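**Q**
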Amino acid sequence: MKRHTATLMIVEDDLALQRQLRWSFDSYELVFAENRGDAIATLRRHEPQVVVLDLGLPPEQDGVEEGMRALSEILRLAPETKVIVATGNGEDDNALRAIALGAYDFYPKPIDTAVLGLIIARAFHIADLESQNRALRHSTGGPLEGLIAASDVMLKVCRLVEKVAPTNATTLLLGETGSGKEVLARALHNLSARRDGRFVAINCAAIPENLLESELFGYEKGAFTGANRQSPGKIELAQGGTLFLDEIGDMPASLQAKMLRFLQERVVERVGGREEIPVDVRVICATHRDLTARIAEGEFREDLFYRVAEISITIPPLRERDGDVVVLAKAFFEKAAATNGITLRGLAPEAIVAIERYSWPGNVRELEHRINRAVIMADGKFVTAADLGLNTTSESDTPLRLNLRQVRDEAERGALERALRMAEGNVSKASRLLGVSRPALYDMMRKHSMQPSQV
Ligand SMILES: Nc1ncnc2c1ncn2[C@@H]1O[C@H](COP(=O)(O)OP(=O)(O)OP(=O)(O)O)[C@@H](O)[C@H]1O
1 MKRHTATLMI
11 VEDDLALQRQ
21 LRWSFDSYEL
31 VFAENRGDAI
41 ATLRRHEPQV
51 VVLDLGLPPE
61 QDGVEEGMRA
71 LSEILRLAPE
81 TKVIVATGNG
91 EDDNALRAIA
101 LGAYDFYPKP
111 IDTAVLGLII
121 ARAFHIADLE
131 SQNRALRHST
141 GGPLEGLIAA
151 SDVMLKVCRL
161 VEKVAPTNAT
171 TLLLGETGSG
181 KEVLARALHN
191 LSARRDGRFV
201 AINCAAIPEN
211 LLESELFGYE
221 KGAFTGANRQ
231 SPGKIELAQG
241 GTLFLDEIGD
251 MPASLQAKML
261 RFLQERVVER
271 VGGREEIPVD
281 VRVICATHRD
291 LTARIAEGEF
301 REDLFYRVAE
311 ISITIPPLRE
321 RDGDVVVLAK
331 AFFEKAAATN
341 GITLRGLAPE
351 AIVAIERYSW
361 PGNVRELEHR
371 INRAVIMADG
381 KFVTAADLGL
391 NTTSESDTPL
401 RLNLRQVRDE
411 AERGALERAL
421 RMAEGNVSKA
431 SRLLGVSRPA
441 LYDMMRKHSM
451 QPSQV
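According to the UniProt record's numbering, the residues represented by the sequence shown are 1 to 455, in order.
Structure below.
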């Protein structure tokens with residue numbers, strides 16, 4: 001879905017500068033205005049997606065109030081417009097005021113058209129994604145609550161989830177690690193009649209084989225050494241609600257038959273017990289494994305597969321969701337900045353390019369973690385590609401170093417240096433920023449031959 005015209009409005013009273021900009025940005029549909037009244041009339045008539053606004057507008061060329069008023073009016077009339085304000089050099093306060101009013105970005109004069117061109121191109125790109133997102137939302141409905149998505153493929157998944165949620169069908173969610181299987185499982189629960197019941201999750205790969213059975217099915221007093229009291233399992237705890245079996249592909253063979261029986265009969269027998277306890281739960285399973293291959297290897301029962309996959313939903317990896325990564329990155333940035341009380345201007349344009357280029361093997365989880373860490377570690381006003389640990393070259397996802405150890409060491413050293421700089425050499429503060437103990441930080445500093453005062 002492409003916009004037909006990319007209209008750029010330039011609000012500038014200096015006619016020589018207008019001429020220069022007309023020449024530099026002739027690939028856009030250009031419209032000009034010289035003052036606030038003109039700007040509003042032109043905005044109404046041409047509906048530009050992007051505006052470059054000089055804050056020093058007549059009759060107050062030396063002040064910024066008229067420009068600020070124009071900015072507020074533009075955003076009140078067309079809040080989706082991306083306004084880039086041009087400020088005098090060193091007027092950071094005005095720039096920040098403009099951003100607080102809702103400007104997309106600012107640019108210090110004198111204008112360097114190459115750099116301004118990049119900011120404008122990026123603003124059009126974001127405006128485009130947002131308008132595609134709005135259009136898709138309009139035509140196919142928006143993403144589900146608690147879930148951020150803009151891509152066509154993910155919005156289709158959302159529609160499927162809405163259809164399946166009200167049923168009791170055992171549902172299998174397939175997708176790479178970190179792609180959002182649990183988020184979708186919760187959405188299935190929240191959109192079902194069971195929403196007031198419990199959502200009980202258990203990760204079959206994280207619990208040792210000998211404990212998994214009693215975790216799932218519960219046990220009677222005296223069933224094994226240490227079983228001092230009777231205890232219901234996760235399946236029983238989900239009574240009336242939803243049971244989420246994560247990593248079902250890793251369920252040990254010894255338990256698969258018992259699980260199959262539960263899915264067929266809907267009763268559980270606690271370990272060491274005889275009683276059959278009826279349980280009314282909706283079962284949702286997830287795995288990042290190829291279950292057909294596991295069946296072929298004899299690691300997963302075929303009859304269990306058909307039971308758990310009454311309906312299966314495949315979640316595409318992040319790299320195949322056109323447009324999702326930027327929308328997710330911006331949302332995670334806002335959340336991380338708000339949670340940590342950190343004031344940053346945003347993601348730098350080169351960071352957004354690097355985010356789009358990277359292949360995200362860890363999917364949404366990796367993106368969220370990198371953004372959280374970068375927001376805390378950023379030194380400048382913007383989060384850069386380097387803060388995110390991403391390269392700006394196209395080989396961004398291939399480590400160019402000797403081996404993984406070297407890559408890790410360099411990343412660790414960089415993080416230590418930044419944290420110590422932020423903490424002005426105070427080791428306790430730096431250790432808190434890094435989420436490690438003071439002795440652990442001293443160990444790492446010794447390993448890298450670093451002194452707090454060096455950074
Ligand atoms: N579409 C999304 N919108 C917002 N947050 C998301 C989205 N998808 C995933 N997340 C977030 O990413 C992280 C990983 O998601 P989730 O745990 O659902 O992935 P998963 O596929 O179940 O991972 P695993 O295979 O490792 O169990 C979570 O913090 C989740 O909140």
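Beta carbons are placed, not taken as given, at the ideal position from N, Cα and C, and that holds for glycine. Every value quoted in this text rests on a predicted model; they were computed, and no experiment measured them.
#1: Who does THR242 pair with in a DSSP beta bridge?
#2: Can you check DSSP and say which residues form a bridge with ILE10?
#3: Under three-state DSSP, which class holds ILE277?
#4: If you follow the alpha helix (DSSP H) that LYS181 is in, where does it begin and where does it stop?
#5: Alpha carbon to alpha carbon, how far is TRP360 from LEU155? Give it in angstroms, no decimals.
#6: Output needed for ALA28: all residues of its chain with C-beta closer than 6 Å, excluding positions within five of it in sequence on either side, in chain order.
#7: Give me the Cα-Cα distance between GLU130 and ALA329, rounded to the nearest whole angstrom.
#8: Take ASP303 as the anchor and find which of PHE262, ALA337, ALA331 and GLU269 has the nearest alpha-carbon.
#9: Comparing the CB of LEU328 with every heavy atom of ligand 1, is any distance shorter than 7 Å?
#10: For ligand 1, is there any heavy atom lying closer than 7 Å to the beta carbon of ALA149?
#11: Over what stretch of residues does the beta strand (DSSP E) that includes LEU312 continue unbroken?
#12: Is LEU172 helix, strand or coil when you go by DSSP?
#13: Just verifying my parser: in three-state terms, what is the DSSP assignment at ASP324?
#14: If we ignore side chains and look at the alpha-carbon of each, how far apart do PHE199 and ASP280 end up?
#15: Would the beta-carbon of LYS181 be found less than 7 Å away from any heavy atom of ligand 1?
#16: How do the stretch 217-229 and the stretch 241-251 stand: do at least 3 beta-carbon pairs fall below 8 Å, yes or no?
#17: Run the CB neighbour count on THR339, radius 10 Å, all protein chains shown included, and call it buried at 16 or more, exposed below.
#18: Using the C-alpha atoms, what's the distance from LEU388 back to THR287?
#19: For VAL375, which residues of its own chain have a beta-carbon under 7 Å away from its beta-carbon, when the five flanking residues on both sides are left out?
#20: Considering Cα atoms alone, identify which of LYS234, GLU213 and ILE235 is closest to LEU255.
#21: Near GLN230, which residues of its chain fall below 6 Å by C-beta distance, leaving aside the five closest residues on each side in sequence?
#22: Hey, how far is the Cα of ARG122 from the Cα of ILE355?
#23: How many Å lie between ARG159 and ILE315 at the Cα?
#24: Do you know how far the Cα of ARG370 is from the Cα of ALA41?
#25: With H, G and I counted as helix, E and B as strand and the rest as coil, what does DSSP make of LYS429?
#26: So what's ALA227 in DSSP terms, helix, strand or just coil?
#27: Less than 7 Å between the CB of GLU368 and some heavy atom of ligand 1, yes or no?
#28: Beta carbon of GLY323, beta carbon of ALA150: below 8 Å?
#29: Do ALA286 and ligand 1 come close, with the Cβ less than 7 Å from some heavy atom?
#30: Could you spell out where the beta strand (DSSP E) holding TYR107 opens and where it closes?
#31: So, is GLU265 buried or exposed, given that buried needs 16 or more other C-beta atoms within 10 angstroms?
#32: Can you tell me which of the three DSSP states GLY435 falls into?
#33: Between the stretch 100-108 and the stretch 60-80, do at least 3 Cβ pairs fall closer than 8 Å?
#34: What three-state label does DSSP hand VAL375 in the structure shown?
#35: Counting C-beta neighbours from all protein chains within 10 Å, is the total for ASN363 16 or more, i.e. buried, or is it exposed?
**A** Taking the definition as stated:
#1: PHE199 and ARG282
#2: PHE32 and VAL52
#3: strand
#4: 181-190
#5: 20 Å
#6: Correcting the residue identity first, residue 28 is Tyr in this sequence and not Ala. ALA6 and LEU8.
#7: Inter-residue distance for GLU130 and ALA329 is about 13 Å (C-alpha atoms, whole angstroms).
#8: PHE262
#9: LEU328 Cβ: within cutoff of ligand 1.
#10: yes
#11: For the record, residue 312 in the displayed sequence is Ser; it is not Leu. 311-314 is the extent of the beta strand (DSSP E) around SER312.
#12: It is a strand residue.
#13: helix
#14: 13 Å
#15: yes
#16: Contact between the stretch 217-229 and the stretch 241-251 is absent, because fewer than three Cβ pairs lie under 8 Å.
#17: Exposed: under 16 other Cβ atoms inside 10 Å.
#18: 28 Å
#19: PHE333, ALA336, ALA337, ASN340, ILE342, LEU344 and VAL383
#20: GLU213
#21: Taking GLN230 as the centre and dropping the five residues before and after it, the same chain places the C-beta of GLU220 and LYS221 closer than 6 Å to its C-beta, in chain order.
#22: 13 Å
#23: 12 Å
#24: Their backbone Cα atoms lie some 43 Å apart in a straight line.
#25: helix
#26: coil
#27: yes
#28: yes
#29: yes
#30: 105-108
#31: An exposed status is given to GLU265, since fewer than 16 other beta-carbon atoms sit within 10 Å of its beta-carbon.
#32: coil
#33: yes
#34: helix
#35: buried
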